[in-house]
Ligand SMILES: C[S@@+](CC[C@H](N)C(=O)[O-])C[C@H]1O[C@@H](n2cnc3c(N)ncnc32)[C@H](O)[C@@H]1O
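In the numbering used here, the protein residues as written are 341 to 575.
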């Protein structure tokens, strides 16, 4: 029986795909890729393009709008899920590609819930990927944790009091999805005296990788969605 693969394609460099991811992407007849809006290209697809053979593989791009509030988005997840299920029921393996790792804040997780609830007979194989967190830490030269250090990973959009407490409690804090709330987070880091021990990393593991230590220079700027902040107290 055909199956669904959820393939983590890493942060951007095709060389950071696992060998397993590459093998599956070369062999499946159908690849499903997420894009943010109808006119957008898929970042995940651009990473794996060197491994695809368009003459024998079909690529389906589906819209996954990026919103903090998921309300009203069910129809998008359901459309993508049903497209993939219909391919599998016709006997074709489908690989859904997702940036970084599929089990970490990934678009795939919405689909995973639908598959498990409504199509429990279908086999889903998840292929882990190199997360943007790993690539960003290397780009910034900031080891994430050593010895008994504690690390927290959370969306920067988290409620302010909880964010403050997390910043106080952990040795290393990684703030994902920081682009839209950067100014607010920066003000909090300044207040806690942590603004000097951070790295802002965008497009880690790609040709456009950017690492900024002087956070003040980013205030008021439009920032890339593919960016995160590493706060490291003990470095
Ligand atoms: C929906 S989450 C996907 C995370 C992904 N599954 C992972 O394992 O890296 C999107 C967020 O991941 C981070 N991100 C993804 N790719 C990135 C990259 N190449 N460089 C920096 N941050 C990235 C950003 O914080 C972005 O807002």
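Glycine residues also receive a C-beta, built at the ideal position from the N, C-alpha and C atoms.
Given the structure is predicted, the values throughout are model-derived calculations rather than measurements.
With H, G and I counted as helix, E and B as strand and the rest as coil, what does DSSP make of residue i?
{"i": "residue 452", "result": "helix"}
{"i": "residue 418", "result": "helix"}
{"i": "residue 465", "result": "strand"}
{"i": "residue 482", "result": "coil"}
{"i": "residue 572", "result": "strand"}
{"i": "residue 391", "result": "helix"}
{"i": "residue 476", "result": "helix"}
{"i": "residue 470", "result": "coil"}
{"i": "residue 428", "result": "helix"}
{"i": "residue 351", "result": "coil"}
{"i": "residue 490", "result": "coil"}
{"i": "residue 378", "result": "coil"}
What's the call for residue i, buried or exposed, on a 16-neighbour Cβ count within 10 Å?
{"i": "residue 430", "result": "exposed"}
{"i": "residue 463", "result": "exposed"}
{"i": "residue 559", "result": "exposed"}
{"i": "residue 562", "result": "exposed"}
{"i": "residue 440", "result": "buried"}
{"i": "residue 540", "result": "buried"}
{"i": "residue 505", "result": "exposed"}
{"i": "residue 556", "result": "exposed"}
With residue i as the anchor, note down where its beta strand (DSSP E) starts and where it stops.
{"i": "residue 344", "result": "344-348"}
{"i": "residue 435", "result": "434-438"}
{"i": "residue 512", "result": "512-516"}
{"i": "residue 398", "result": "398-403"}
{"i": "residue 374", "result": "370-375"}
{"i": "residue 559", "result": "Counting along the chain, residue 559 falls outside any beta strand (DSSP E), and DSSP gives it neither H nor E."}
How is the alpha helix (DSSP H) around residue i delimited, first residue to last?
{"i": "residue 522", "result": "522-531"}
{"i": "residue 362", "result": "359-367"}
{"i": "residue 507", "result": "500-509"}
Using the Cα positions of residue i and residue j, report the straight-line distance between them to the nearest angstrom.
{"i": "residue 389", "j": "residue 366", "result": "10 Å"}
{"i": "residue 406", "j": "residue 376", "result": "6 Å"}
{"i": "residue 508", "j": "residue 495", "result": "16 Å"}
{"i": "residue 524", "j": "residue 538", "result": "15 Å"}
{"i": "residue 498", "j": "residue 567", "result": "16 Å"}
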